[in-house]
Amino acid sequence: MAVNTDLGAFLRTCRANTAPESALVAGPDPAATTSRRVRGLRREEVAQLAGVSVDYYTRLEQGRHSTPSDAVVDALARVFQLEPAGRAHLADLARPARQRHRQTPPQRVRPALQQMIASMTEHPALILGRRTDVLAANPLARALLTDWTRLPAKHRNYTRWIFLDPDARAAFADWPAVAAEVVGTLRLYAGRFPDDPQLTELVGELAIKSPQFRTWWNDHTVHRRTHGTKHMTHPAVGPITLRYEAFSLPGDEDQTLFLYTTDPGSPSHDNLRLLGLWGAQHL
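Numbering (the working numbering), first residue to last: 1120 to 1402.
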């Protein structure tokens, strides 16, 4: 019998992170939320709320039943109050192994997309692919983050840069939050492509070299990048606050375009323009 350890670990994380007082609002025993020895819900509570037997749910957590039905996935997502990213990750982990074990051919950015981001001279732009590999970046993005073109091909990875380059830690005012979200993004990808050898190599390297990565990876938290704000400091121009939007690219759902902007007339806008001038001289 195949054991789905990732599914079991994710379910245990979800159960521990679900507040009993919210999940058991409609439960039969309000007193069940008191006198707890463990964090989150009990297995029997999850089973009752999801409409499955305790034995069945226990086997799911132990990885001994690796392919729950869509109805069970929906019920567990409801009990754990999962956001769309978490719901999608649970569904990926619940897919039969023959459907999850897919080949991942090399990714290429279309020349027209390369030209498009290169023409964005006032906005940093980069395209990330599977495993957060950096597939393309315009000059302003390379000036803001790092010049990926000077790195060996296998090191052109956003997560690797975040954790292993000291300059990345200095660049983000809220580095722990940024780094934890990146790990969550990588976890989301791992649910879809669990047998990707390059992913295995990347995770293994980061787990050895970064205790923080290892801790967050074992938390099984997932994150989907959509939009947000980055507070950064560049050694050449000073602080820059940027907003970003993430766009899935047509033709390759595993490629994401990140476009960064600043508020017109703000100090960050002025510093970003200075950064463009600096990059023209140093890249």
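Glycine included, each C-beta is placed from N, C-alpha and C at the ideal position.
Evaluate residue i with the Cβ neighbour count: other Cβ atoms within 10 Å of its Cβ, from every protein chain shown; 16 or more gives buried, anything less gives exposed.
i: Arg-1315; result: Note on identity: in this sequence residue 1315 is Asp, with Arg being the wrong assignment. Classification of Asp-1315: buried, given that the 10 Å Cβ count is 16 or more.
i: Pro-1258; result: buried
i: Ala-1157; result: Note on residue identity: the sequence assigns Val, not Ala, to residue 1157. Val-1157 is exposed by the Cβ-count criterion.
i: Ala-1138; result: exposed
i: Tyr-1176; result: buried
i: Gly-1303; result: buried
What does a CB cutoff of less than 7 Å around residue i pick up in its chain, not counting 5 residues either side in sequence?
i: Arg-1333; result: Ala-1326
i: Asp-1371; result: Gln-1226
i: Ser-1172; result: Ala-1166
i: Glu-1300; result: His-1342
i: Arg-1178; result: His-1184
i: Gly-1347; result: Tyr-1363
Run through DSSP, which three-state label would residue i get?
i: Thr-1152; result: Unreliable placement is indicated for Thr-1152, whose pLDDT of 48 sits below 50; no coordinate value is reported for it.
i: Val-1173; result: helix
i: Asn-1257; result: coil
i: His-1401; result: helix
i: Thr-1360; result: strand
i: Ala-1237; result: helix
i: Ala-1326; result: helix
i: His-1339; result: coil
i: Ala-1166; result: helix
i: Gly-1159; result: coil
i: Asp-1284; result: coil
i: Gly-1310; result: helix
i: Gly-1248; result: coil
i: Gly-1347; result: strand
i: Ala-1298; result: helix
i: Ala-1231; result: helix
i: Ser-1387; result: helix
i: Ala-1194; result: helix
i: Thr-1431; result: In the structure displayed, the chain extends from 1120 to 1402; residue 1431 sits before or after that span and is not available.
i: His-1242; result: coil
i: Ala-1213; result: helix
i: His-1353; result: strand
i: Thr-1265; result: coil
i: Ala-1365; result: strand
i: Leu-1376; result: strand
i: Phe-1199; result: coil
Return the Cβ separation of residue i and residue j in integer angstroms, given the expectation that the two are a contact with Cβ distance under 8 Å.
i: Ile-1246; j: Thr-1375; result: 7 Å
i: Leu-1126; j: Leu-1212; result: 4 Å
i: Thr-1406; j: Thr-1251; result: Only positions 1120 to 1402 of the chain appear in the structure, and residue 1406 is not among them; the question remains open.
i: Phe-1312; j: Met-1351; result: Actually they are not in contact, since the Cβ atoms of Phe-1312 and Met-1351 sit about 30 Å apart, beyond 8 Å.
i: Glu-1180; j: Arg-1131; result: 6 Å
i: Gln-1331; j: Ala-1298; result: 7 Å
i: Asp-1373; j: Gly-1248; result: 6 Å
i: Ala-1194; j: Ala-1210; result: Their Cβ separation, rounded to whole angstroms, is 12 Å, which puts Ala-1194 and Ala-1210 out of contact at 8 Å.
i: His-1339; j: Ala-1128; result: 5 Å
i: Trp-1335; j: Val-1322; result: At roughly 11 Å, the Cβ-Cβ gap does not stay under 8 Å, so Trp-1335 and Val-1322 are not in contact.
Quick one: what's got a C-beta closer than 6 Å to residue i's C-beta in the same chain, skipping five residues either side?
i: Trp-1267; result: Val-1253, Ala-1256 and Arg-1275
i: Ala-1365; result: Arg-1344, Thr-1345, Thr-1375 and Phe-1377
i: Ser-1387; result: Ile-1359, Thr-1360 and Thr-1381
i: Gly-1357; result: Asn-1390
i: Met-1239; result: Asn-1257
Taking the Cβ atom as the reference point for each residue, do residue i and residue j lie within a distance shorter than 7 Å?
i: Val-1165; j: Val-1191; result: no
i: Arg-1306; j: Ala-1204; result: no
i: Ala-1077; j: Trp-1397; result: Residue 1077 lies beyond the range of the chain shown here (1120 to 1402); nothing can be said about it.
i: Ala-1287; j: Ile-1281; result: yes
i: His-1353; j: Leu-1318; result: no
i: Ala-1135; j: Gly-1159; result: yes
i: Ser-1185; j: Asn-1123; result: yes
i: Ile-1359; j: Leu-1391; result: yes
Here's a check: name, in chain order, each residue in its chain whose Cβ is nearer than 8 Å to the Cβ of residue i, leaving out the five neighbours to either side.
i: Tyr-1379; result: His-1242, Pro-1243, Ala-1244, Ala-1260, Leu-1263, Lys-1349, Leu-1361, Arg-1362 and Tyr-1363
i: Ser-1329; result: Phe-1282 and Leu-1283
i: Gln-1200; result: Thr-1137, Ser-1141 and Ala-1142
i: Thr-1265; result: Trp-1280, Asp-1284, Asp-1286 and Ala-1287
i: Leu-1232; result: Ile-1246, Ala-1255, Leu-1368 and Leu-1376
i: Arg-1229; result: Gly-1370
i: Arg-1214; result: Thr-1186
i: Pro-1271; result: none
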